[in-house]
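Quick note on the numbering used here: the sequence shown kicks off at 172 and runs consecutively.
In this text, a Cβ means the ideal position worked out from N, Cα and C, and glycines have one as well.
Small disclaimer: the values here were computed from a predicted structure and weren't measured.
The structure appears below as structure tokens.
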Amino acid sequence: MAEIRVEGLTKEFGSGARAVDGVSLTVPEGQIVTLLGPSGCGKTTILRCIAGLETPSSGRILIGDQVVHDGATGETVPVEKRAVGMVFQSYAIWPHLTVFDNVALALEFNQKRSDDRTDVRSRVVEVLRSVGMDGYQERYPSELSGGQQQRVVLARALVYRPRVLLLDEPLANLDARLREAMRFELRDVQQQLGLTVIYVTHDQAEAMALSDHVVVMREGQILRQGAPREIFADPEHPFVADFLGVSNRLAGEIVAVPTAGRVEVKLDGTDLSVMVKGAGAAQQQVWVAVRPSRVGLYRRALDGVSGSDALPGRIVRVTFLGEEVDCQVQIGDLMLQARDSGECDWRPGEEVEVRLAPEDLILLPRDRDE
């Protein structure tokens with residue numbers, strides 16, 4: 172187990188484009204930190220720099236107390252001496268070798284040569300047991316499911332007891348159901364072995380399920396980082412909100428601050444206003460964001476909903492998703508997406524009341540959106 176520190180990391184490629192632009196972050200011992208963002212945001216490049224597969228243009232990287240790269244002095248530690256385990260999206264398992272030999276080969280490549288085959292066998296059996304593959308030693312990759320192959324790859328990365336584990340979209344090739352199951356298994360293995368892990372993904376549900384700390388990136392820079400619940404509740408930046416599934420974003424202007432911690436926002440292009448939990452000043456341009464699951468739909472005649480948090484609307488489209496229904500709701504010239512229980516029988520054209528509770532709305536600055 173070891174802490175990872177990245178200080179002012181920059182990586183430029185031949186064209187002069189910066190894949191990573193001055194990134195600093197700390198991964199505490201025994202925690203999972205996830206780098207979350209779209210393709211091309213620099214998250215895999217950071218992972219490869221930590222592993223030693225890429226040479227940074229500037230900055231420092233420390234694993235524990237060891238400086239593995241220092242751009243100022245030119246000091247760099249070779250890949251094989253960093254004691255880093257890495258799992259890629261591609262399994263890259265030798266098809267002609269058994270599960271045992273695939274894992275044993277990794278141990279022989281990454282450890283000092285030893286004539287003690289008994290020690291190798293005990294280590295391989297131990298790590299296969301830790302990832303739930305005990306009893307599969309003599310099988311070949313073609314005889315394994317996708318999830319079992321992924322466990323072999325994980326065992327191969329763990330067998331030489333690395334100080335840290337780097338995972339680059341390791342579940343991307345699995346189907347949705349298996350991917351969800353493997354999240355729990357990865358977390359169990361990490362906690363059982365006390366590993367320090369950096370996990371790269373573009374899947375926000377995966378990041379929320381696995382992580383102690385989430386780092387959201389765009390264009391080589393960190394936009395937001397914190398505990399999963401913290402950034403889910405308060406994304407702070409419009410891009411982060413969009414990436415975390417806040418698909419409803421309405422432009423507006425603060426027209427009043429009636430009480431501390433709440434503001435009244437008039438929505439652009441309408442005569443409608445909403446109360447939002449947050450802080451700001453009158454005439455400030457803002458975004459009001461809300462998750463589809465937090466948009467309340469009520470039948471006007473049946474529920475009699477009224478008040479400052481209820482807006483008149485009309486359902487335009489309904490899509491059945493199984494456990495949920497997705498509704499497109501028009502409010503004046505605005506369009507909102509709402510998610511309700513799959514048992515609800517909303518119909519296109521139906522007149523509804525839309526309830527937007529202040530505590531469910533997210534206030535975002537407009538001047539930071541591009």
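Taking C-beta to C-beta, are residue i and residue j nearer than 8 Å?
i           : j           : result
residue 227 : residue 182 : yes
residue 508 : residue 419 : yes
residue 408 : residue 204 : no
residue 534 : residue 459 : yes
residue 529 : residue 488 : no
Could you tell me the boundaries of the beta strand (DSSP E) in which residue i lies?
i           : result
residue 336 : 335-339
residue 450 : Run containing residue 450: none; DSSP gives neither H nor E here.
residue 427 : 419-430
residue 231 : 229-234
residue 207 : 203-207
residue 532 : Where residue 532 is concerned, there is no enclosing beta strand (DSSP E), given that its DSSP letter is neither H nor E.
What residue range does the alpha helix (DSSP H) around residue i cover?
i           : result
residue 216 : 214-222
residue 491 : Premise fails: residue 491 lies in the beta strand (DSSP E), 481-491, not in any alpha helix (DSSP H).
residue 413 : 409-414
residue 376 : 375-381
residue 324 : 317-329
What's the call for residue i, buried or exposed, on a 16-neighbour Cβ count within 10 Å?
i           : result
residue 285 : Confidence at residue 285 is low in this model, with a pLDDT of 48, below 50, so the placement of that residue is unreliable and no value is reported for it.
residue 220 : buried
residue 382 : buried
residue 184 : exposed
residue 470 : exposed
residue 314 : exposed
residue 341 : buried
residue 362 : exposed
residue 377 : buried
residue 213 : buried
residue 515 : exposed
residue 396 : buried
residue 240 : buried
Can you tell me which of the options puts its alpha carbon nearest to the alpha carbon of residue i?
i           : options            : result
residue 206 : 533, 394, 409, 429 : 394
residue 251 : 338, 332, 230, 501 : 332
residue 454 : 505, 517, 434      : 434
residue 416 : 398, 373, 528      : 373
Check whether the stretch 258-275 touches the stretch 323-339, counting contact only when three or more Cβ pairs, one atom from each stretch, lie closer than 8 Å. yes
Meets three-Cβ-pair contact criterion under 8 Å: the stretch 454-465 and the stretch 493-513: Yes: at least three Cβ pairs fall under 8 Å.
When you compare the stretch 489-496 with the stretch 396-408, are there three or more beta-carbon pairs, one atom per stretch, that lie closer than 8 Å? no
On the three-pair Cβ rule with 8 Å, is the stretch 346-354 touching the stretch 294-304? no
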